[in-house]
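Residue numbers (the working numbering): 14 to 349. Glycine included, each C-beta is placed from N, C-alpha and C at the ideal position. One structure is given below, encoded as structure tokens.
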């Protein structure tokens, strides 16, 4: 018989816990390589045989699992990955006017998840196509800082690559350094998140847009942007906006409607739970309540189920019920 402790995974608090700061190259690579094991749910007899230390570790493994939960391939994620992969292939031999992608919608509708899953897919394919080539950087991921200036955006690229930036370094030096490294490293996909921090109505915003356009012309890669309702914020207005609109495909995101996809999403999330007393079908039976509670927002749903799962382990109830879900506070938008 397999001993219970042999079913425990390495401690989540160990030195190998990945650094998931996606805006750095080590953090991005850790995100791509991270494939956490779903903890094995012990029987009551096996659980009773655990020592106090082993039981604590077993519960910590389940807590760590529920803090992550799995990424569900919603229709938006699938559409983004498919469209992004197509654009990368179409741009493979383009020397100018490469096509790009913009994912835009309300907060909490899965924009960042969609573009990072596209990036992960692209990098894994690149690694499979070029095994053992360690100097390639297939994907870059940056976020646009609030009140961004062209230099700040250029520094974000340099920070991702780990390039040293001195206070006296001017933007031209940074641009040349970044473009040189990324061209040599065969970058194929550039992900730019928080695009709503750019306003073409301001001088600095227009200059940032010009800087990103310059990067896209110098770097032989497909550019993918994500932001909150960027088409409503004037991104496609004026001459610059028309250039963006003429080169970028727009994928809108929105709250999920109450339909079979919503129900399937709940079923998938419920199957991933590792709780001893949870009754299968509880979440799917509460599908209408959960949709009303979260307004169909994937971010709110993930927060709600993960929070209830953590409470179930910490309190020892080992189950999620409507009452335990009601005890989890959500963001102000969902609650109001």
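Who are the Cβ neighbours of residue i in its own chain at under 8 angstroms, not counting the five residues just before and after it?
i, result
"residue 343", "306, 307, 313, 316 and 317"
"residue 82", "282, 285, 315, 318, 319 and 322"
"residue 135", "97, 98, 101, 151, 152, 201 and 202"
"residue 129", "35, 44, 154 and 204"
"residue 72", "326"
"residue 333", "286, 288, 291, 295, 296, 318, 321, 322 and 325"
"residue 60", "17, 68, 71 and 289"
"residue 37", "172, 173 and 175"
"residue 251", "213"
"residue 271", "300, 301, 304 and 309"
Less than 8 angstroms separating the beta-carbons of residue i and residue j?
i, j, result
"residue 236", "residue 133", "no"
"residue 246", "residue 88", "no"
"residue 205", "residue 234", "no"
"residue 168", "residue 157", "no"
"residue 225", "residue 248", "no"
"residue 93", "residue 138", "no"
"residue 198", "residue 253", "no"
"residue 336", "residue 299", "no"
"residue 196", "residue 232", "yes"
"residue 90", "residue 126", "yes"
"residue 331", "residue 288", "yes"
"residue 52", "residue 75", "yes"
Which residues share a DSSP beta bridge with residue i?
i, result
"residue 114", "237 and 262"
"residue 156", "206"
Can you find the residues in the same chain that come closer than 6 angstroms, C-beta to C-beta, to residue i, ignoring five residues on each side of it along the sequence?
i, result
"residue 79", "319, 322 and 323"
"residue 14", "Here the model assigns residue 14 a pLDDT of 39, short of 50, so the residue's position is not dependable and the matter cannot be decided."
"residue 18", "Unreliable positioning characterises residue 18 in this predicted model, as indicated by a pLDDT of 40, which lies under 50. A coordinate reading is not provided."
"residue 309", "268 and 269"
"residue 258", "249"
"residue 178", "168 and 171"
"residue 159", "210"
"residue 238", "115, 205 and 208"
Between which residues of its own chain and residue i is the CB-CB distance below 7 angstroms, once the five residues before and five after are set aside?
i, result
"residue 120", "241"
"residue 243", "115, 117, 208 and 209"
"residue 280", "297"
"residue 183", "none"
"residue 211", "157, 161, 218, 221 and 222"
"residue 339", "none"
"residue 143", "149"
Can you round the beta-carbon distance between residue i and residue j to whole angstroms, since I take them to be within the 8 angstroms contact cut?
i, j, result
"residue 108", "residue 162", "So it is not a contact: roughly 29 angstroms between Cβ atoms."
"residue 154", "residue 170", "About 10 angstroms; that fails the 8 angstroms criterion."
"residue 311", "residue 123", "5 angstroms"
"residue 278", "residue 85", "5 angstroms"
Is any non-hydrogen atom of the ligand ZN found closer than 7 angstroms to the C-beta of residue i, if you look at the structure I gave you?
i, result
"residue 288", "The ligand ZN is not part of this structure, which contains no ligands at all."
Closer than 8 angstroms, CB to CB, is residue i near chain D or not?
i, result
"residue 344", "No chain D is part of this structure, which consists of one protein chain only."
*Counting Cβ pairs closer than 8 angstroms, one from the stretch 185 to 194 and one from the stretch 50 to 60, do we hit at least three?*
no
*Would you be able to state if there are at least three C-beta pairs under 8 angstroms between the stretch 102 to 110 and the stretch 286 to 293?*
no
*Quick check: the stretch 113 to 131 against the stretch 258 to 269, are there 3 or more CB pairs under 8 angstroms?*
yes
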